[in-house]
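Engineer: First the structure, then my questions, so here it is.
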Amino acid sequence: MFQEVFSHIHPIMVHFPIAIIIIATIYDFLLMITKRKVSPKQGFWLWVLAFLSAWIAVGTGPEGDARGNTNVFHYHEQLADLTTILAFIVVAVRLFFMYKKKEFLKFSLAVYCILSLLCTVSVLSVGYFGGKMVYDQGVGVKMNGKYVNPPKAGKLNGND
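1 is the number of the first residue of the sequence shown in our numbering; add one for each residue after it.
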């Protein structure tokens, strides 16, 4: 049972950063709309969790399954890395403002909102290309124990 779960850990993990980044961004925007400001402390742990879950999702990605008959893997991989970096930057910015004991006001709030929106768009794009690989191209999908779209010979080991 554990081997079955671990063999599917990436598809399980990818849903966490998608949900948490969207929730964290909506939470920040609700604070901004209702209070006209965002404290770096409010929602901080949501963003830490978003970064950690994105990092784990990237780390569990089965590259060997994706090599082969797909033309969108590089978009998926690059956007996943970008999402993780953006989530880290959001956490770093929040830590900086917490250390300085300041709130996001005017310019810093606008920059912060753009950054969190970019992170949200990025994670949604990662999900789009991941879904396209699985649902349109059958990458990583098995039927009766055989891959529907098997990796090309020599590509499984990362040899290009």
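Glycine included, each C-beta is placed from N, C-alpha and C at the ideal position.
1) Hey, could you find the ends of the alpha helix (DSSP H) Y128 is sitting in?
2) In whole angstroms, what separates the C-alpha of I18 from that of L124?
3) Under the three-state reduction of DSSP, which class applies to K155: helix, strand or coil?
4) Classify V72 as helix, strand or coil using the three-state DSSP reduction.
5) Could you check if N159 is buried or exposed, using at least 16 other CB atoms within 10 Å of its CB as the buried criterion?
6) Would you mind stating whether F44 and M98 have Cβ atoms separated by less than 9 Å?
7) Within a Cβ cutoff of 7 Å, which residues of the same chain sit near N157, ignoring the five residues on either side of it in sequence?
8) Would L117 and V38 be called neighbours here (beta carbons separated by less than 9 Å)?
9) For I20, count neighbouring Cβ atoms within 10 angstroms of its own Cβ and tell me buried if that reaches 16, exposed if not.
10) Classify K102 as helix, strand or coil using the three-state DSSP reduction.
11) Round the Cβ separation of F129 and L79 to the nearest angstrom and send it over; I've been treating them as touching at under 8 Å.
12) Alpha carbon to alpha carbon, how far is T70 from G138?
Structural biologist: Judging by the given coordinates:
1) K106 to G131
2) 7 Å
3) Annotation note: pLDDT 48 at K155 (below 50); position unreliable, coordinate value reported separately. Three-state DSSP puts K155 in coil, outside helix and strand.
4) coil
5) For N159, the predicted model reports a pLDDT of 44, less than 50, meaning its position is unreliable and no value from the coordinates is stated.
6) yes
7) For N157, the predicted structure reports a pLDDT of 44, less than 50, and the residue's modelled location is therefore unreliable. The matter cannot be settled from this model.
8) no
9) buried
10) coil
11) 7 Å
12) 9 Å
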